[in-house]
Amino acid sequence: MAKAAESSGDPGTASPRPLFAGLSDISISQDIPVEGEITIPMRSHIREFDSSTLNESVQNTIMRDLKAVGKKFMHVLYPRKSNTLLRDWDLWGPLILCVTLALMLQRSSIDSEKDGGPQFAEVFVIVWFGAVTITLNSKLLGGNISFFQSLCVLGYCILPLTVAMLVCRLVLLAEPGPINFMVRFFVVIVMFAWSIVASTAFLADSQPPNRKALAIYPVFLFYFVISWMILTFTPQ
Amino acid sequence: MATTAAPAGGARSGAGPEWGGFEENIQGGGSAVIDMENMDDTSGSSFEDMGELHQRLREEEVDADAAAAEEEDGEFLGMKGFKGQLSRQVADQMWQAGKRQASRAFSLYANIDILRPYFDVEPAQVRSRLLESMIPIKMVNFPQKIAGELYGPLMLVFTLVAILLHGMKTSDTIIREGTLMGTAIGTCFGYWLGVSSFIYFLAYLCNAQITMLQMLALLGYGLFGHCIVLFVTYNIHLHALFYLFWLLVGGLSTLRMVAVLVSRTVGPTQRLLLCGTLAALHMLFLLYLHFAYHKVVEGILDTLEGPNIPPMQRVPRDVPAALPAARLSTTMLNATAKAVAVTPQSH
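So the protein sequences, as listed, match chains D and F.
Following this note's numbering, the numbering of the first sequence begins with -14 at its first residue and continues without gaps.
Following this note's numbering, the numbering of the second sequence begins with 30 at its first residue and continues without gaps.
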């Protein structure tokens, strides 16, 4: 294991040094490679219990993860400035939402020569690569949010748009016409605004104060493209 | 090994050994995104030290292997056992060295901090650069300054993609979203990157003073005019309006880019070649974006629903050209009456 060999010589200078500066004095033996970790702003104490969750039943694990995902859904639906999404990030929620959205956006086309296959992949690729691009942009602008935290927030904030998709599919069961379109348009616009407000509430604090607009604008474009896909969806 | 380690480490962190890089990556808040560096290499260790360490670690393993090989191989054992041990060690050392090199190269290229200086902008700067991209400057005697940033151009390309997608939105029709979206993204990024590279190559031939980054920024900001024109004309489908905007707005942004390039090039032939090419490509791209996507949408509408009435285009054609005014109203009335299946009272 790692042993702090030489750093014990100067304990008095510990306080003004940055957080992990003492690690450079620890000598690491050869057979234990130390690999990079994802830095998170607030240390969570859940890591200590990780080894003990290996022996619990599958049902416990699934229920615990589902509860965590559900709690984050609630945080997205009622966005307040909180750290829950950032502190305990996970990518299950975004995956569930993305798969649901992609499945619903598949065209059940019988008379078109293109089948519904590429639609699923298109939505998937757009959601994930869009999220990655926005994350890189916000990091390059000087944000101090980690890569996966940002992916987590952006993915969870697709929830209002998924709800809009469900509503649109229900509305499309009625007869088509301009009223149909207006209802769908209104629902999608409201959910689009909700997504942006939710993601702003979580992401804005991590940016330098004068560059918030620069970081929020690509989020706006991203949710606009997803809203466009939802609004123009018509099953045949 | 140590000699090849030093330049790579120096290129990344500016200091010699890997300890410096390790500290930087842990302390800063704005360091590399993807911390995938493998930290199992100790600093300043030379090839011989690594060899010694590995030899020590593998001694028990090698002994066990040699003992197992002894029972299997029979009389070829002596020489082969020794050679196998040596070759295994050498292979292992080469593998470790190669892995270290690869991880260092990967962390060097996956380190997005290279791009960080190009995103160092304020919203006010972006706004002023957007407005300036529409104002051609007359001074061409000394090189004009081009801001080398990538945030504005990248956001403008994404906005252009979004506007293209918005322009294809109609109600009650099937739109092949997948193909169109891929095409839109490919077109916009392909134009930005491809034409920038091509003009940069021409600039290199014509001896113009411009770098690749500046060319990317210049062309990116030139897309602001395209965004405005397309946003307006996708909502108001008047061809005359489009031509007016194409000349005015497209022309302004092209003139600005041309003026900047002229100020950085010497010689009339070179100026003509460079600026002519850029102007032609820029204006033709706007034409292409407007007409190609219109045609696609109209084509889909025609094949799926029968001839629709596109706004403000079909009505004049239904009226015969040379018709006295008295019979004009009846002809129109007939056309309308046919649609509602009511016989007209007067002929």
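Every residue gets a Cβ at the ideal spot worked out from N, C-alpha and C, and that includes glycine.
Given the structure is predicted, the values throughout are model-derived calculations rather than measurements.
(request) Can you give me the start and stop residues for the alpha helix (DSSP H) that serine 67/D sits inside? (result) The sequence position of residue 67/D within the first sequence is 82, counting from 1. Unbroken run through serine 67/D: none, as it is neither H nor E.
(message) Just to confirm before moving on: does the CB-CB distance between lysine 52/D and threonine 69/D stay below 9 angstroms?
(response) Your numbering for residue 52/D matches position 67 in the first sequence. Your numbering for residue 69/D matches position 84 in the first sequence. Cβ distance not < 9 angstroms, so lysine 52/D and threonine 69/D don't count as in contact.
(request) State the DSSP-derived secondary structure class of leucine 206/D, mapped to helix, strand or coil. (result) Taking the first sequence and counting its residues from 1, the one referred to as residue 206/D is at position 221. In the structure shown, leucine 206/D sits in a helix (DSSP, three-state: H, G or I).
(request) Just the C-alpha distance for leucine 194/F and phenylalanine 5/D, rounded to the nearest angstrom, thanks. (result) The count along the second sequence starts at 1 and reaches residue 194/F at position 165. The count along the first sequence starts at 1 and reaches residue 5/D at position 20. Taking the straight line joining both Cα atoms gives about 47 angstroms.
(request) Alpha carbon to alpha carbon, how far is isoleucine 143/D from isoleucine 215/D? Give it in angstroms, no decimals. (result) Locating residue 215/D in the first sequence gives position 230, counting from the first residue. Locating residue 143/D in the first sequence gives position 158, counting from the first residue. Each residue's alpha carbon lies about 12 angstroms from the other.
(request) Could you check if tyrosine 317/F is buried or exposed, using at least 16 other CB atoms within 10 Å of its CB as the buried criterion? (result) Translated into positions along the second sequence, residue 317/F becomes position 288. So tyrosine 317/F counts as exposed.
(message) Applying the 10 Å Cβ sphere with the 16-neighbour rule, what's the burial state of glycine 43/D?
(response) Residue mapping note: residue 43/D aligns to position 58 of the first sequence, counting from 1. A small correction: the amino acid at residue 43/D is valine; glycine does not occupy that position in the sequence shown. Exposed, because fewer than 16 other Cβ atoms sit within 10 Å of the Cβ of valine 43/D.
(message) If you follow the alpha helix (DSSP H) that proline 152/F is in, where does it begin and where does it stop?
(response) In the second sequence, counting from the first residue as 1, residue 152/F sits at position 123. Proline 152/F -> alpha helix (DSSP H) spans 152 to 161.
(request) With distances taken Cα to Cα, identify the nearest neighbour of cysteine 235/F among Leu185/F, Ser292/F, Leu189/F. (result) Residue 235/F sits at position 206 when you count from the first residue of the second sequence. When only C-alpha atoms are compared, the closest one is Ser292/F.
(request) Could you work out which residue in Met244/F, Gly219/F, Tyr220/F, Trp221/F is closest to leucine 231/F when comparing CA atoms only? (result) By 1-based counting over the second sequence, the position of residue 231/F is 202. Looking at the Cα atoms, Met244/F is the closest of the given residues.
(message) Within a Cβ cutoff of 7 angstroms, which residues of the same chain sit near glutamine 238/F, ignoring the five residues on either side of it in sequence?
(response) Residue mapping note: residue 238/F aligns to position 209 of the second sequence, counting from 1. Contacts found: Pro172, Arg293.
(request) Could you list which residues in chain D have their beta carbon closer than 8 angstroms to that of valine 155/F, in chain order? (result) As a position in the second sequence, residue 155/F is number 126, starting the count at 1. Within 8 angstroms Cβ-Cβ: Leu199.
(request) Look at the alpha carbon of leucine 160/F and the alpha carbon of phenylalanine 274/F, and state the distance between them as a whole number of angstroms. (result) The count along the second sequence starts at 1 and reaches residue 160/F at position 131. The count along the second sequence starts at 1 and reaches residue 274/F at position 245. Between leucine 160/F and phenylalanine 274/F, the C-alpha separation is close to 17 angstroms.
(request) Please compile the residues from chain D whose C-beta is within a distance smaller than 9 angstroms of the C-beta of glutamate 151/F. (result) In the second sequence, residue 151/F corresponds to position 122, counting from 1. Neighbours of glutamate 151/F on chain D, chain order: Asn195, Arg196, Leu199.
(request) Take valine 173/D and list the residues in its own chain whose beta-carbon comes closer than 6 angstroms to its own, dropping the five residues that flank it on each side. (result) Your numbering for residue 173/D matches position 188 in the first sequence. Same-chain partners within the cutoff: Ala149, Ser212, Ile215, Leu216.
(message) One question on the structure: do leucine 82/D and glycine 115/D come within less than 9 angstroms of each other, judged by their Cβ atoms?
(response) Residue numbering aside, residue 82/D sits at position 97 when the first sequence is read from its first letter. Residue numbering aside, residue 115/D sits at position 130 when the first sequence is read from its first letter. The answer is no: Cβ separation not under 9 angstroms.
(request) Let me know if alanine 191/F comes out buried or exposed under the rule of 16 or more other beta-carbons within 10 Å of its beta-carbon. (result) Along the second sequence, one-based indexing puts residue 191/F at 162. With 16 or more Cβ atoms within 10 Å of its Cβ, alanine 191/F is classed as buried.
(request) Give me the Cα-Cα distance between alanine 106/D and tyrosine 208/D, rounded to the nearest whole angstrom. (result) Here the question's residue 106/D lines up with position 121 in the first sequence. Here the question's residue 208/D lines up with position 223 in the first sequence. So the alpha carbons of these two residues sit roughly 18 angstroms apart.
(request) Spell out whether any CB of chain D is found under 9 angstroms from the CB atom of tyrosine 263/F. (result) Locating residue 263/F in the second sequence gives position 234, where the first residue counts as 1. Not closer than 9 angstroms to any Cβ of chain D, the Cβ of tyrosine 263/F fails to qualify, so no.
(message) To test your reading of the DSSP string, which unbroken alpha helix (DSSP H) runs of 4 or more residues are found completely within the stretch 273 to 309 of chain F?
(response) 280 to 292
(request) Below 6 angstroms CB to CB, which residues in the same chain sit around proline 203/D once its five sequence neighbours on both sides are set aside? (result) For the purposes of this step, residue 203/D is taken as the residue at position 218 of the first sequence. Taken in chain order, the residues that qualify are Ile119, Asn122.
(message) Can you confirm whether glycine 140/D, when its beta carbon is compared against all beta carbons of chain F, has any partner nearer than 9 angstroms?
(response) Within the first sequence, the letter at position 155 stands for residue 140/D. No, because no Cβ of chain F sits closer than 9 angstroms to the Cβ of glycine 140/D.
(message) Quick check: is the beta carbon of phenylalanine 177/D nearer than 9 angstroms to any beta carbon in chain F?
(response) If you number the first sequence from 1, residue 177/D lands on position 192. It does not; no Cβ of chain F falls within 9 angstroms.
(request) With a threshold of 16 other CB atoms inside 10 Å of the CB of valine 119/F, please say whether the residue is buried or exposed. (result) Here residue 119/F refers to the residue found at position 90 of the second sequence. Exposed, by the Cβ-count rule.
(message) Tell me which residues share the same chain as proline 3/D and place their Cβ nearer than 6 angstroms to its Cβ, disregarding the 5 neighbours each side in the sequence.
(response) On the first sequence, residue 3/D is found 18 positions in, with the first residue counted as 1. Counting only Cβ-Cβ distances below 6 angstroms, and skipping sequence neighbours, we find nothing.
(request) Kindly confirm or deny that the stretch 281 to 292 of chain F and the stretch 300 to 308 of chain F touch, where touching means at least three C-beta pairs closer than 8 angstroms. (result) yes
(request) Round the Cβ separation of phenylalanine 227/F and valine 186/F to the nearest angstrom and send it over; I've been treating them as touching at under 8 angstroms. (result) Locating residue 227/F in the second sequence gives position 198, counting from the first residue. Locating residue 186/F in the second sequence gives position 157, counting from the first residue. About 16 angstroms; that fails the 8 angstroms criterion.
(message) If you follow the alpha helix (DSSP H) that glutamine 243/F is in, where does it begin and where does it stop?
(response) Here residue 243/F refers to the residue found at position 214 when the second sequence is read from its first residue. Looking at the DSSP string, the run of the alpha helix (DSSP H) that includes glutamine 243/F is 241 to 262.
(message) Below 8 angstroms on the Cβ atoms is my contact criterion, and I expect threonine 262/F with leucine 252/F to pass it. Report the Cβ-Cβ distance as a whole number of Å.
(response) Within the second sequence, residue 262/F is the residue found at index 233, counting from 1. Within the second sequence, residue 252/F is the residue found at index 223, counting from 1. Actually they are not in contact, since the Cβ atoms of threonine 262/F and leucine 252/F sit about 15 angstroms apart, beyond 8 angstroms.
(message) At the level of alpha carbons, what is the spacing between alanine 126/F and isoleucine 23/D?
(response) Sequence index remark: in the second sequence, residue 126/F carries index 97 (1-based). Sequence index remark: in the first sequence, residue 23/D carries index 38 (1-based). Roughly 25 angstroms separates the two Cα atoms.
(request) Compare the C-beta of phenylalanine 109/D against all C-beta atoms of chain F and say whether one is closer than 9 angstroms. (result) If you number the first sequence from 1, residue 109/D lands on position 124. Judged by the 9 angstroms Cβ criterion, phenylalanine 109/D is not in contact with chain F.
(request) Out of Gly196/F, Gln122/F, Val169/F, state which residue places its alpha-carbon closest to the alpha-carbon of glycine 296/F. (result) Against the second sequence, residue 296/F aligns to sequence position 267. Of Gly196/F, Gln122/F, Val169/F, the residue nearest in Cα terms is Val169/F.
(message) Taking 6 angstroms as the limit between beta carbons, can you name the residues of its chain near alanine 189/D, skipping five residues before and five after?
(response) The count along the first sequence starts at 1 and reaches residue 189/D at position 204. Once the five neighbours on either side are set aside, the close Cβ partners of alanine 189/D are Lys197.
(request) Output the boundary residues of the alpha helix (DSSP H) element that contains methionine 184/F. (result) Position 155 of the second sequence, counted from the first residue, corresponds to residue 184/F. Here the alpha helix (DSSP H) through methionine 184/F covers 180 to 196.
(message) Going by DSSP, what residue range makes up the alpha helix (DSSP H) through threonine 85/D?
(response) Counting from 1 along the first sequence, the entry for residue 85/D is found at position 100. Threonine 85/D -> alpha helix (DSSP H) spans 77 to 89.
(request) Keeping to the same chain, check which residues put their C-beta closer than 6 angstroms to that of asparagine 129/D; ignore five residues upstream and five downstream. (result) By 1-based counting over the first sequence, the position of residue 129/D is 144. Closer than 6 angstroms at Cβ, skipping near neighbours: Ser191.
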